[in-house]
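Have a look at the structure below before the remarks.
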Amino acid sequence: MTVLLTLFDLLLTLTLLGLAVVTLTSHEPRRAVILFIAFGLLLALVWARLRAPDLALAEAAIGAGLSGALMLAAARRASGRKTSAAQSRDAEDAP
Amino acid sequence: MIRPLEHIVIPIGLIVVGGLLGWSFFLAVTGEAGDRLASVALARVPDSGVSNPVTSVLLNFRAYDTLLELAVLLSALLGIWSLGAAGPGFQPAASILDGMVAGFVPLLILSAGYMLWVGAYAPGGAFQAGALLGAAGVMLALAGHRNAGLPCESRLRLLVALGVFVFAMTGLLLMVLGDGFLTYPPGLAKWLILIIETAATLAIGATLAAAYLGGRPAAHPTSGETA
Chain F
2 MTVLLTLFDL LLTLTLLGLA VVTLTSHEPR RAVILFIAFG LLLALVWARL
52 RAPDLALAEA AIGAGLSGAL MLAAARRASG RKTSAAQSRD AEDAP
Chain A
510 MIRPLEHIVI PIGLIVVGGL LGWSFFLAVT GEAGDRLASV ALARVPDSGV
560 SNPVTSVLLN FRAYDTLLEL AVLLSALLGI WSLGAAGPGF QPAASILDGM
610 VAGFVPLLIL SAGYMLWVGA YAPGGAFQAG ALLGAAGVML ALAGHRNAGL
660 PCESRLRLLV ALGVFVFAMT GLLLMVLGDG FLTYPPGLAK WLILIIETAA
710 TLAIGATLAA AYLGGRPAAH PTSGETA
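Keeping their order, the protein sequence lines are chains F and A.
Going by the working numbering, the first sequence opens with residue 2, and the numbers climb by one from there.
Going by the working numbering, the second sequence opens with residue 510, and the numbers climb by one from there.
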């Protein structure tokens, strides 16, 4: 049982580190935010394994859920602004 | 060409900071288990009015800290409101999403109430309950409700300031009565903590939902709703 749990912890830690690297190096904001949400959910599992259910609850609800929703909305607005700015520039360039 | 700041001062500074961090980590791992704060706090939990150690630390032993956290949340919302009016909400939802939201929002509010109550003796508390309330608001906003189920601006202002107000007023009242700022008398501690946590939950929920809207709320909250 303990061997299985150790293996699970190891897998969890490696996945978390991998997710962190992929999130930080992702070029597209939307993709980065979705990876960040996955990272937050796995981090909640880590807190649960560390026997801190309070932090696990807060991480899942605030860290992954609400922050993820806020950042998705921000990414959506930012990309909308970028495309509208590009469109207006195109319109100015057009003869 | 060697620029002294970039090539000498900053690397040496980083090495020193790194060495200090490594040294303190080494001390923390190998040091003797002396009088840690945790054991002192755990011993006093029965006096705090609640039996959950986390809540007793957050709302009693380090209540000052929690009050300032609520103030940080409030000032973050003020910063968001200073950006201007909230953008138009999302597209009106299909009826199946509306049906799901109608089922989920009451459940979220119910679980927020449970989370608030259970915080006295088990994992839970104001921040988790407030996050659930905020999630209900985000869900409403995603389903096309322009103001995420929040009241009009004058009432919303009262709501988001409620946590800091009740917390600070309780502290000041206790100070006037001669107990010191946020030093609860043992008999009343449980009820004072419950009152503060209820106000904080409402304020956190409203703040998070209002933050998701991304600007000052519309003047007439009912005008843009799909329901």
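All C-beta atoms, glycine included, are put in the ideal place defined by N, C-alpha and C.
Contacts of residue i in chain F (Cβ-Cβ under 7 Å)
| i | result |
| --- | --- |
| L616 (chain A) | Within chain F, no residue comes near L616 (chain A); the closest Cβ sits about 14 Å away, beyond 7 Å. |
| G643 (chain A) | L67 |
| P632 (chain A) | P54, D55, L58 |
C-beta neighbour in chain A for residue i, strict 8 Å
| i | result |
| --- | --- |
| P54 (chain F) | yes |
| L46 (chain F) | no |
| I63 (chain F) | yes |
| G66 (chain F) | yes |
| L51 (chain F) | no |
| L58 (chain F) | yes |
Chain F within 8 Å of residue i, Cβ atoms only
| i | result |
| --- | --- |
| V581 (chain A) | no |
| A640 (chain A) | yes |
| A594 (chain A) | no |
| N569 (chain A) | no |
| V563 (chain A) | yes |
| F636 (chain A) | yes |
| V647 (chain A) | yes |
| G527 (chain A) | no |
| T735 (chain A) | In this predicted model, T735 (chain A) has a pLDDT of only 42, less than 50, meaning its place in the structure is not dependable enough to derive any value. |
Closer than 9 Å at the beta carbon, the chain A residues around residue i
| i | result |
| --- | --- |
| G69 (chain F) | The contacting residues do not exist; G69 (chain F) stays about 10 Å from chain A at best. |
Expected contact under 8 Å - CB spacing of residue i and residue j to nearest Å
| i | j | result |
| --- | --- | --- |
| L582 (chain A) | F676 (chain A) | L582 (chain A) to F676 (chain A), Cβ: 12 Å. No contact. |
| G646 (chain A) | A698 (chain A) | That pair is no contact at about 31 Å. |
| L649 (chain A) | V614 (chain A) | 6 Å |
| G765 (chain A) | T564 (chain A) | Coverage of chain A is limited to positions 510 through 736, which leaves residue 765 (chain A) absent and any answer about it impossible. |
| V549 (chain A) | I702 (chain A) | Contact doesn't hold; Cβ gap of about 20 Å is too wide. |
| G643 (chain A) | G714 (chain A) | 5 Å |
Partner residues on chain F for residue i, Cβ-Cβ distance less than 9 Å
| i | result |
| --- | --- |
| G723 (chain A) | L71, A74, A75, R78 |
| L717 (chain A) | I63, L67, L71 |
| A720 (chain A) | L67, L71 |
Which listed residue (the options) has its alpha carbon closest to that of residue i
| i | options | result |
| --- | --- | --- |
| A76 (chain F) | F:A53, F:A65, F:R32 | F:R32 |
| S620 (chain A) | F:A62, F:A70, F:L12 | F:A62 |
| G69 (chain F) | F:F37, F:R50, F:A49 | F:F37 |
| P54 (chain F) | A:Y721, A:F613, A:P513, A:A631 | A:A631 |
| L6 (chain F) | F:M72, F:L51, F:G64 | F:L51 |
| L651 (chain A) | F:L67, F:G81, F:S80 | F:L67 |
| F690 (chain A) | A:T707, A:I713, A:R664, A:D574 | A:D574 |
| L671 (chain A) | A:V685, A:M684, A:I705 | A:I705 |
| L42 (chain F) | F:A57, F:H28, F:P30, F:L12 | F:A57 |
| L46 (chain F) | F:I35, F:L17, F:T26 | F:L17 |
Chain F contact residues for residue i, given Cβ-Cβ distances below 8 Å
| i | result |
| --- | --- |
| F534 (chain A) | The contacting residues do not exist; F534 (chain A) stays about 17 Å from chain F at best. |
Cβ of residue i within 8 Å of any chain C Cβ
| i | result |
| --- | --- |
| R553 (chain A) | As a matter of chain content, chain C is missing from the structure shown, whose protein chains are F and A. |
- Residues of the stretch 18 to 34 of chain F with Cβ closer than 7 Å to any Cβ of chain A, in chain order: none
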